[in-house]
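Undergrad:
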Amino acid sequence: MAQQWDSPQMVKGTGVRWSAFVIYGLLLFFAAIYVLPLVVMLLTSLKPLPEIYSGSIIALPQEWTVKPWIDAWGQTCVGLSCRGIKGYFWNSTKMTVAAVIISTAIGMLNGYVLTKWRFRGADLLFGLILFGCFIPFQIVLIPMATLLGKLGIASSTPGLVLVHVVYGLAFTTLYFRNYYVAFPDELIRAAMIDGAKFFSIFFRILVPNSAPIVVVTVIWQFTNIWNDFLFGASFSTGESAPMTVALNNVVNTSTGEREYNVHMAAAVIAALPTLLVYIVGGRYFVRGLMTGSVKG
Amino acid sequence: MASLELLNIRKRYGELDILKGIDISVDAGEFLVLVGPSGCGKSTLLNMIAGLDTVSEGDIRIGGRRVNDLHPSERDIAMVFQSYALYPNMSVKENIAFGMEMRKVPKPEREQAVKEVSKTLQIDHLLDRRPAQLSGGQRQRVAMGRALVRKPRIFLFDEPLSNLDAQLRVDMRTEIKKLHQRLGATIVYVTHDQIEAMTLATRIAVMRAGELLQLGSPAEIYNRPANTFVAGFMGSPRMNLIPGTLKSEAGGLHLEVASEGAAPARVVLPRVPDATRAYLGREITAGLRPEAISDKLDGGSADGRPVIEAVVEVTEPTGPDTLAVLLLGGREITARLRPDSTLKAGELGRFAIDLSKLVWFDPASGARVA
């Protein structure tokens, strides 16, 4: 199934193809526009502060330094405490890993039940779950705050995990439901005849064959949860804040001179995990989104 | 190995009747083939036997025991699916052993059983491969291995050969038959292919639109079809169904075959069954297999067989014999002639009819009269 989306292997004929120049020229132009902010961030983070104030923002550093990175990680002031962003980085890591694992696992089970153990009203229920994808974050803030308070997990990492799991379930259920709907029923029937029950079918047959959609879901959930700012800002305080909130507190400091190089380093650190997840899983991401649409 | 009884099985989806009271019972060791056009309910019936679909009404008994409410895994059956349904994440060995693993059979015993079955099916060199690395025929064998290894009381096959190419299909058909002869197992086999039904079955159930039209041995189904549908469905080329009028003249009976714009043709009938006589002077449908119309006249006498004259419209040499479409009283009928027949399209030929193979149907109901 590898080459299915390639352009047709037409004979192109001879002669200069001006359209190719135009296409590649435009592509290079837009690629440059996209990559420019990242270049500026990286360059700035590797310059000493005086050079930033005096020079051009896209000039190469005259004196290369990694001190801003070390400062950002361990010394910069986040709000009132000056111990760097590392604590918040771990907050985000714990929160994201836990929320991604839990929401993916529950989404998987939902998709399994909605497609292979269908019951009256299954489609209606799925429609209602789907509705959750369209609820804006802002609407749930106040009820969620009340709920977290009542559960006694307000302003804590477990509280944020719960928020992200609840909000992510609609999406993970959608992904797994649509993947499993194309999963052959005959395999389930064969397993039933072989004597497998609800959970053994799930763990022995369905889960091992879900790699592409698991990658898609994990990337999607990881990116959203790691990058979330609104829930983090609303449901955490001080030391329990996730990375995104801490980054805001670093950058929006109102005292002293603005350490742009440290800010840039902190911002790149904040963006690294999602970048890493995408580089590792990106290949499967595209493939996963395509599966089900084409037999293979 | 066990007997199987289906007692007045019905299946309803709301107002829709999928199965309208099916009664079939087969002895232990029989090979029952459910055959019929798509949508006739044969697969539904098989799924009900397997426990993969619920029974609206009626009883299913395996070995005399009612199994309606038993989970598929408790019915002691094994099923081979059309798509083979091999678990893609498991090796061949794990696929075959999965059922035993779920039943908590100890590992050494499982491995012994896998070894035996894979040797029988000649897949012992494939045990460590994944299904994706196998050819269609090999997958088919693994699917059968998975069923065989459990030594169930009944084997269920759901169109197992329809995904194979023509040559392999014939080979696997023979293998399945050999397997049945060696194991003496009770098998229920669903197919829409009438040749598979004829070659494999000890008993055939022909179904249409949720009804059982006929249950019988392949010979009964072929030679004495219960109605025109069964007659037309079983056999290739199809049985000729010739509408005509039964007439009596000068003490002898004949069938007059007529159609608009053509001279009526006459088939002299030296003898007819008594039940057919009731149709004297009325319309009746004669059913005649192509092989009962031959060009072997044996020096013109045709030893008492009536001889007809007909124009050859088309000839189709198949190798072992030549099929010819003849025009009899303006109606097309197919005859199976000798392979070295020299008749050409447009020629007038003389053909002998084997009356012992002739069956009669009521034109209105389609039911066999005699």
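Protein chains in written order, with this note's numbering: chain A, 6 to 301; chain B, 439 to 808. Just so it is clear, CB atoms sit at the ideal spot from N, CA and C, and this is done for glycine as well. This one's a predicted model, so the numbers in the text were calculated from it and none came from an experiment.
Give, in chain order, every residue of the segment 522-537 of chain B whose Cβ lies closer than 7 angstroms to some Cβ of chain A.
TA: Per Cβ criterion, the list reads A523, Y525, P526, N527, F536 and G537.
Undergrad: Between which two residues does the beta strand (DSSP E) containing R715(B) stretch?
TA: Segment D712 to R715 is the alpha helix (DSSP H) holding R715(B); no beta strand (DSSP E) there.
Undergrad: Identify, in the order they occur along the chain, each residue of the same chain with its Cβ nearer than 8 angstroms to the Cβ of R209(A), setting aside the five sequence neighbours on each side.
TA: A196 and A201.
Undergrad: For P148(A), return the contacting residues in chain B, with the cut-off set at a CB-CB distance below 9 angstroms.
TA: Going along chain B, no residue has its Cβ under 9 angstroms from P148(A), so there is no contact; the nearest lies around 41 angstroms.
Undergrad: Please classify K202(A): does DSSP put it in a helix, a strand, or coil?
TA: Of the three classes helix, strand and coil, the one that applies to K202(A) here is coil, per DSSP.
Undergrad: Interface residues of chain A around F595(B) at Cβ under 8 angstroms?
TA: Simply none; closest approach about 13 angstroms.
Undergrad: If you follow the beta strand (DSSP E) that Y451(B) is part of, which residue opens it and which one closes it?
TA: Where Y451(B) is concerned, the enclosing beta strand (DSSP E) stretches over L442 to Y451.
Undergrad: Count the other C-beta atoms from every protein chain shown that fall within 10 angstroms of the C-beta of R806(B), then say buried if there are 16 or more, exposed otherwise.
TA: It counts as buried.
Undergrad: Less than 8 angstroms between CB atoms is the rule here; does S511(B) satisfy it with respect to chain A?
TA: Output row for S511(B): interface = yes.
Undergrad: As a quick exercise: from F595(B), R591(B) and Q571(B), pick the residue whose alpha carbon is nearest that of A581(B).
TA: The option with the nearest alpha carbon to A581(B) is F595(B).
Undergrad: For F789(B), list the residues DSSP reports as bridge partners.
TA: In DSSP, F789(B) forms a bridge with I746(B).
Undergrad: Here's the rule: buried if 16 or more other CB atoms are within 10 angstroms of the residue's CB, otherwise exposed. What is F34(A)?
TA: The residue is exposed, with fewer than 16 neighbouring Cβ atoms inside 10 Å.
Undergrad: Terminal residues of the continuous alpha helix (DSSP H) containing M610(B)?
TA: First-last of the alpha helix (DSSP H) with M610(B): A604 to L621.
Undergrad: In chain order, which continuous runs of the alpha helix (DSSP H) of length 4 or greater are located wholly inside the segment 163-251 of chain A?
TA: Within the segment 163-251 of chain A, the complete alpha helix (DSSP H) runs of at least 4 residues are 190-198, 203-206, 216-232 and 235-240.
Undergrad: Select from the segment 102-124 of chain A all residues with a C-beta closer than 8 angstroms to any C-beta belonging to chain B, and list them in chain order.
TA: Listed in sequence order: no entries.
Undergrad: Under 8 angstroms between the Cβ atoms of A863(B) and T624(B)?
TA: Shown here, chain B extends from 439 to 808; a query on residue 863(B) therefore has no answer.
Undergrad: Between the C-alpha atoms of G84(A) and W78(A), what's the straight-line distance to the nearest angstrom?
TA: Approximately 15 angstroms, taken between the alpha carbons.
Undergrad: Using a threshold of 8 angstroms, state whether the C-beta atoms of L165(A) and F236(A) are closer than that.
TA: A contact, by the Cβ cut-off of 8 angstroms.
Undergrad: Measuring alpha carbon to alpha carbon, tell me which residue in L565(B), M540(B) and I746(B) is nearest K734(B).
TA: Checking every option, the nearest Cα to that of K734(B) belongs to I746(B).
Undergrad: When burial is assigned at 16 or more other CB atoms within 10 Å of the CB, is S476(B) buried or exposed?
TA: With fewer than 16 Cβ atoms within 10 Å of its Cβ, S476(B) is classed as exposed.
Undergrad: By a C-beta neighbour count over all protein chains shown, 10 Å radius and 16 as the cutoff for buried, is G648(B) buried or exposed?
TA: It counts as buried.
Undergrad: Helix, strand or coil for R513(B)? Go by DSSP, reduced to three states.
TA: Coil.
Undergrad: Give me whichever residues DSSP pairs with Q652(B) in a beta bridge.
TA: DSSP, once it has assigned bridges, lists V644(B) as partnering Q652(B).
Undergrad: Once the 5 residues before and after T666(B) are set aside, which same chain residues still bring their CB inside 6 angstroms of it?
TA: Hits under 6 angstroms: L679, F799 and G804.
Undergrad: Report the three-state DSSP secondary structure of R504(B) (helix, strand or coil).
TA: Residue state, collapsed to three classes: strand.
Undergrad: Check whether chain B comes within 8 angstroms of I218(A), counting only Cβ atoms and requiring the distance to be less than that.
TA: Taking Cβ atoms only, chain B never reaches closer than 8 angstroms to I218(A), which makes this a no.
Undergrad: Within its chain, find whatever has a CB closer than 7 angstroms to the CB of G297(A); leave out the 5 residues flanking it on each side and keep chain order.
TA: Because G297(A) carries a pLDDT of 44, less than 50, the predicted location of this residue cannot be relied on, and the following value inherits that uncertainty. Taken in chain order, the residues that qualify are N183, Y184 and A187.
Undergrad: If you follow the beta strand (DSSP E) that L684(B) is in, where does it begin and where does it stop?
TA: Where L684(B) is concerned, the enclosing beta strand (DSSP E) stretches over N678 to E687.
Undergrad: Given that R194(A) touches chain B, what residues does it touch there, using C-beta distances under 9 angstroms?
TA: Correct list: N485, A488, L490, P510, M517, F519 and A523.
Undergrad: Who are the near neighbours of I460(B) in its chain, counting only those whose CB is closer than 7 angstroms to its CB and skipping five residues on each side?
TA: Only L444, I447, L483 and L650 meet the Cβ criterion.
Undergrad: Along the chain, where does the alpha helix (DSSP H) that runs through S108(A) open and close?
TA: Element bounds for S108(A): K91 to K121.
Undergrad: Are three or more beta carbon pairs between the segment 748-767 of chain B and the segment 696-710 of chain B nearer than 8 angstroms?
TA: Verdict: yes, contact present.
Undergrad: Suppose you measure from the CA of A570(B) to the CA of P526(B); what does that come to, to the nearest Å?
TA: In a straight line, the C-alpha of A570(B) is about 7 angstroms away from that of P526(B).
Undergrad: Who does W798(B) pair with in a DSSP beta bridge?
TA: Paired residues: A724(B).
Undergrad: Compare the C-alpha of Y627(B) against each of K480(B), S511(B), R588(B) and A790(B) and name the closest.
TA: When only C-alpha atoms are compared, the closest one is K480(B).
Undergrad: Who are F595(B)'s beta bridge partners in DSSP?
TA: The partner list for F595(B) (beta bridge, DSSP) reads V518(B) and Y627(B).
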